[in-house]
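Data block below; observations after.
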Amino acid sequence: MKTTTLISKLKKPDNGRFGKNEFAIIGSTCYNNKRLAFELIEGLSEQYHIGYLGSESQPEDIYADINNDTYSALSHGAETEILDNSTHTKAIFRKAFSAHGLRLLMMEKDLVFVDGNYYRASQQILLLDQRHYSSLKQRLHKINNVKLIVLEEGTKEVPDFLKRHMENWDRIPICSITNTEGAVHVISKLIKENTPEIWGLIDHHAQDHHYIQSIRHCSQALKVYCKRRLVVKPEKERIFFNSSQFTFIPETFKNLGAMGKLLSAFRQNPDKAYWVLDTRYQRFDQEILQLLHEERDPANIATVFAHPKTGMPIPGACIWEPKAYPLLLTYLAQGIDNLSSILLNSQVKLLEIPDHNSLNDDLKQKETDDNFLLFNL
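Quick note on numbering: my numbering labels position 104 of the sequence shown as 378, and the sequence is numbered without any gaps.
Take a look at the structure:
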């Protein structure tokens, strides 16, 4: 009997092993790797949500005051620290995590540093110490995408064995261990260069008899900020007319309303940020849209306006970052599909609507935020 093999067409996000921006510090002892990680964390933690993956090289009191433990990444500004030991993993689980499990723990982080002596990462920071070149030679298989080279005191240049291993070594930024500010600048620049592109996602409503015109209006409004604008529709309901302003994509999460459309877009391309604009919103003029674009903060899962009366996030005009995708799926697995509730209980940047804008008065006059405001261009 002939069998058929089904090949999944699911597009996978461009993540590393633990996070989109991950760096394994490799080249020296665990202590020195961790020391550099802590200095970088201190320099970057005000801008980004950071995680750290290392090892527990000696027994420690798990009940110690972690905020006063200078050997802890958390005391230096990290929000999550995972330490691997032969008997346990801290924070604190008595099991070893797979790469998938660790990625879930780090899914809301903008930046993850890992001890390259124990873990691999898609990008590396070389901490060169001439006293440890023999052990570094044994780890060359872990070095394939170096973004920064840091020279320990007493180390003056990149050794020949690394020059032979890395064809582009002369194009990699180099700084001294005494100049971690320079290292912070390099990493911050890399993260900014890796900021996801925004695509528009127009949330339309078929009960609106003029919804095709509303879609066009929303698409025109988002054209200034988004190269591509998407409309999610079931395959059987696709309407064929001039759609050069936007692209139809299939609804793969059905019967979930606005959340289903957002998840369908993320499934289509999980590496993009999505600017959701509801066709029923009408007082979100260009001033408001410009403010949302300028205040976008990729360090949060979303940037969204707060209702001036209730303080609730308004999901009808919201920029969702790629890191929101796995989080939305975890909420869905718990039976939660209300985007307002998800935004309220997640790490978001909440914006105030300017007092002078007419949208403020319109929202305050409503008893509740029923998300039914027509869009006015």
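Just so it is clear, CB atoms sit at the ideal spot from N, CA and C, and this is done for glycine as well.
Cβ-Cβ separation, histidine 323 to aspartate 403 (assumed contact under 8 angstroms), whole Å: Wrong, their Cβ atoms sit about 30 angstroms apart, outside the cutoff.
Run of the alpha helix (DSSP H) containing tyrosine 605, from where it starts to where it stops: Judged by DSSP secondary structure, tyrosine 605 falls within the alpha helix (DSSP H) whose first and last residues are 598-607.
Rounded separation between tyrosine 435 and arginine 413 - CA only: In the sequence as presented, tyrosine is not what sits at residue 435; that position holds phenylalanine. Distance between the alpha carbons of phenylalanine 435 and arginine 413: 12 angstroms.
The region 417-427 contacting the region 390-405, beta-carbon criterion three pairs below 8 angstroms: Yes, they touch.
Own chain, CB closer than 6 angstroms to methionine 380, minus 5 neighbours either side, in chain order: Excluding sequence neighbours, methionine 380 sits near Phe292, Gly293, Gly325 and Val386.
Beta bridge counterpart(s) of glutamine 398 as assigned by DSSP: Answer is Ala298 and Val420.
Per-residue burial, asparagine 391 [other beta carbons within 10 Å of its own, 16 or more giving buried]: Burial state of asparagine 391 is buried, judged by a 10 Å Cβ sphere holding 16 or more other Cβ atoms.
Integer-rounded CB distance, given that proline 544 should sit under 8 angstroms from proline 589: Actually they do not touch by this definition, with Cβ atoms about 19 angstroms apart.
Other residues of its chain near histidine 350: CB distance less than 6 angstroms, five sequence neighbours each side excluded: Within the same chain, and ignoring the five residues on either side of histidine 350 in sequence, the residues whose Cβ sits closer than 6 angstroms to its Cβ are Phe312, Ile315 and Glu316.
Candidates Ile417, Ile461, Glu455 and Lys466: closest to asparagine 442 by CA position: Measuring from the Cα of asparagine 442, the nearest candidate turns out to be Ile417.
Test item: CB-CB of isoleucine 461 and threonine 553 under 8 angstroms: Result no, Cβ atoms of isoleucine 461 and threonine 553 do not sit closer than 8 angstroms.
For alanine 580, the first and last residue of its enclosing beta strand (DSSP E): 576-580 is the span of the beta strand (DSSP E), which, as asked, contains alanine 580.
8 angstroms Cβ shell around proline 600 - same chain, five flanking residues per side excluded: Excluding the 5 residues flanking it on each side, proline 600 has same chain C-beta neighbours closer than 8 angstroms at Leu378 and Met381, in chain order.
Phenylalanine 312: first and last residue of the uninterrupted alpha helix (DSSP H) it sits in: Phenylalanine 312 -> alpha helix (DSSP H) spans 304-318.
Residue closest to isoleucine 523, alpha-carbon to alpha-carbon, out of Arg541, Leu530, Leu624 and Ile448: Ranking the options by Cα distance to isoleucine 523, first place goes to Arg541.
Assigned exposure category for glutamate 568 - 16 Cβ within 10 Å defines buried: With fewer than 16 Cβ atoms within 10 Å of its Cβ, glutamate 568 is classed as exposed.
Burial state of aspartate 288 (16 or more Cβ within 10 Å): By the neighbour-count rule (16 or more Cβ atoms within 10 Å), aspartate 288 is not buried but exposed.
Valine 578, buried or exposed, once every other Cβ within 10 Å from all chains shown has been counted against 16: By the neighbour-count criterion, in which 16 or more other beta carbons inside 10 Å mark a residue as buried, valine 578 falls on the buried side.
Chain B contact for leucine 348 (CB, 8 angstroms cutoff): Looking for chain B here will not work: only one protein chain is present.
Span separating the alpha-carbon of alanine 495 from that of leucine 504: Just so you know, the alpha carbons of alanine 495 and leucine 504 end up roughly 13 angstroms apart.
Cβ distance (whole Å) where tyrosine 407 is taken to contact tryptophan 473 below 8 angstroms: Tyrosine 407 to tryptophan 473, Cβ: 46 angstroms. No contact.
Residues near leucine 410 in its chain [Cβ-Cβ closer than 6 angstroms; skip 5 each side]: If we look at leucine 410 and ignore the five residues flanking it on each side, its Cβ neighbours are Gly301.
Opening and closing residue of the alpha helix (DSSP H) in which tyrosine 407 lies: Taken as a continuous stretch (DSSP letters only), the alpha helix (DSSP H) holding tyrosine 407 covers 407-411.
Where isoleucine 446 sits in the DSSP three-state scheme: The DSSP-derived three-state label of isoleucine 446 is coil.
Proximity to tyrosine 499 [Cα-Cα], best of Ile593, Gly531 and Thr429: Looking only at Ile593, Gly531 and Thr429, the smallest Cα-Cα distance to tyrosine 499 is reached by Ile593.
Classification of threonine 604 by the beta-carbon crowding that lies within 10 angstroms, buried from 16 upward: Label assigned to threonine 604: exposed.
DSSP-derived helix/strand/coil call for alanine 573: Secondary structure of alanine 573 (DSSP, three-state): coil.
Option in Tyr393, Asp629 and Ala580 with minimal Cα separation from asparagine 359: Out of Tyr393, Asp629 and Ala580, the CA that lies nearest to the CA of asparagine 359 is found in Tyr393.
Glutamate 296 versus lysine 501: straight-line alpha-carbon distance, rounded: Rounded to the nearest whole angstrom, the CA to CA distance from glutamate 296 to lysine 501 is 28 angstroms.
Range covered by the beta strand (DSSP E) that runs through leucine 625: Taken as a continuous stretch (DSSP letters only), the beta strand (DSSP E) holding leucine 625 covers 622-625.
Nearest-angstrom beta carbon gap, aspartate 389 and asparagine 307 [assumed within contact, 8 angstroms]: Their Cβ separation, rounded to whole angstroms, is 5 angstroms, which keeps asparagine 307 and aspartate 389 in contact under 8 angstroms.
Phenylalanine 527 vs serine 538 beta-carbon contact at 8 angstroms: Result yes, Cβ atoms of phenylalanine 527 and serine 538 sit closer than 8 angstroms.
Leucine 530 to asparagine 612 span [Cα, whole Å]: Between leucine 530 and asparagine 612, the C-alpha separation is close to 9 angstroms.
Nearest-angstrom Cβ-Cβ length linking lysine 546 and proline 447, presumed shorter than 8 angstroms: Not really, about 28 angstroms apart at Cβ, beyond 8 angstroms.
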